[in-house]
Amino acid sequence: MSSMREIKKRINATEKTSQITKAMHMVSAAKLKKAERSIKAFRPLTKRLSHVLSRVLNSDKELTHPILEGRDIDKTVYILISSDRGLAGPYNNNVFKAFEKYVEKQHQSKDEFEIAALGFKSFAFAKRKKYTLINKEVIQVRDDVQFLDFQSISDEFIKGFLSGKYDKIVVFYNKFINTLQQQVKHQTLIPLQDNPLLQIEDDDNGNAPYRTIYHYEPSASRVLQELLPMYVVNLLYGMILESKASEHASRMTAMKSATDNAKDLIQDLQLHYNRARQDAITIELTDIIGGAEAVN
Amino acid sequence: MKLVVVTPSGELFNETVDYIVISSKNNGDFAIMKDHAPIISAIDVGYIKMIQGDKTLYTVVINGALEQQDNQINIIAQEAHVGLNKDSAMDHLNEVRKERLEANRQRTQDFLQAEKELRKNLREARASKR
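Protein sequences appear in the order of chains E and C. The C-terminal residue of the first sequence carries number 296 in my numbering, and the numbering is unbroken. The C-terminal residue of the second sequence carries number 426 in my numbering, and the numbering is unbroken.
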């Protein structure tokens, strides 16, 4: 059995660790609330934008755009949304696992796809696995996510898609279900085929709804050209916000269980410590008694 | 006329205005006054001049859309900033953008630096394989 001093040292160390994990748990809880707020603030924009887009698309059935049409797939881009830092439980690993499983099924060789890594962890993952990366530098997913952070990369793949360099863009991310549950999802970002938002809405009786006839400045097709990429980028941004909320939730749960484990461990160690103390006292007593008897 | 400007971080502006002038790089200038026909337009980089009585405000917009129907104007902007003067608003927006990008770059550098140091320390401590 290890000595009392050693056990005491371990108890102290575990206590300190649990203090840290407890603090991290609380920080993540606060950040989760913030992330939820930013998701809420973002919602009106997507709603309005899809509203405008469906108006434009419904105005003329002939209107179309490469983003809306599928084509033969030579090169796929996978966007992996992860966090910058670890200690978030299975958050990052789940994304990577789901991605690897999916890729194994879909592709024969690594040349068929490229990766856009959002977040330090996925960047490191792609480097480690020697996948082709679109971004040469790390794109950070900061806690206060801003649109600007992803502008260069989103411009890159939209341009790549329009020029025919990439044929399909799929995002892997953690969908936020609730604080205890996050689910890894993959969603095709481009082409935007049967997206429900862009379908023509019928009213309850199945009739085509009453529609305002809009004037387009400069023209409907130009407006579509400008707005569709914006819509796609916003879709991605929404997923990033959701991943961010998932990250905090995941870290929160991980830190909570770490704190609980530390508590259990301390209890266990305390038991050992008390036993060791008792043992020491017993030995001391028998020593004294033995000594006293020897004197007599 | 009611005017609402929404950005990814929420509603930026929600007030009544007399009329607005939209000026953008791709479309040039045009104004929307009361009872304008329903219109949808895209804005790449530009500004919106908003007139409320004798007060004039400017919103600079980077990547946005505008929709007007029944005297309700919705402006959806990827990035926007409201100011008293179009130049100062634009400058401010650019300044904020620049600072953010700079901060991001700095963080990336710090990250890489930290990682490098960690790797070096691990090597020196010969603890990496254990």
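Where a beta carbon is used, it is the ideal one built from N, C-alpha and C, also for glycine.
Does the distance from the C-beta atom of Ile-336/C to that of Val-223/E stay below 7 Å?
yes
Partner residues on chain A for His-215/E, Cβ-Cβ distance less than 7 Å
Considering every chain present, this structure includes no chain A. Its protein chains are E and C.
Distance between Val-77/E and His-215/E (C-alpha atoms, nearest Å):
36 Å
For chain C, is any of its Cβ atoms less than 7 Å away from the one on Met-230/E?
yes
Three-state secondary structure (DSSP) at Gln-368/C?
strand
In terms of residues, what are the limits of the alpha helix (DSSP H) holding Asp-84/E?
That residue, Asp-84/E, is in no alpha helix (DSSP H); it is neither H nor E in DSSP.
With 16 other Cβ atoms within 10 Å as the buried cut-off, status of Arg-401/C
exposed
When the Cα atoms are used, what is the spatial distance from Ile-73/E to Thr-21/E?
46 Å
Output the boundary residues of the beta strand (DSSP E) element that contains Ser-246/E.
Run containing Ser-246/E: none in the beta strand (DSSP E); it sits in the alpha helix (DSSP H), 220 to 295.
Rounded straight-line distance, which links the Cα of Ala-373/C to that of Thr-303/C
5 Å
Counting only Cβ pairs nearer than 7 Å, list the residues of chain C close to Gln-146/E.
Arg-396
Beta-carbon proximity list for Leu-269/E, same chain, < 8 Å, skipping 5 on both sides
Ile-7, Arg-10, Ile-11 and Thr-14
State the DSSP-derived secondary structure class of Asp-202/E, mapped to helix, strand or coil.
With a pLDDT of 48 at Asp-202/E, under the threshold of 50, the modelled position of this residue cannot be trusted, and the question is left open.
CB contact check: Asn-390/C to chain E, cutoff 7 Å
no
8 Å Cβ cut-off: residues of chain C touching Glu-137/E:
Thr-404
What distance in whole Å lies between the Cβ atoms of Ser-246/E and Tyr-91/E, which are believed to be in contact at a cut-off of 8 Å?
7 Å
In or out: Val-295/E buried (at least 16 other Cβ within 10 Å) or exposed?
Exposure of Val-295/E is indicated by the presence of fewer than 16 other C-beta atoms within 10 angstroms of its C-beta.
Looking at C-alpha atoms only, which residue of Ile-371/C, Asp-387/C and Met-346/C is the closest neighbour of Pro-44/E?
Ile-371/C
Could you check where the alpha helix (DSSP H) with Glu-62/E kicks off and where it finishes?
Judged by DSSP secondary structure, Glu-62/E falls outside any alpha helix (DSSP H); it is assigned neither H nor E.
If we count the other Cβ atoms within 10 Å of its Cβ and call it buried at 16 or more, is Val-301/C buried or exposed?
buried
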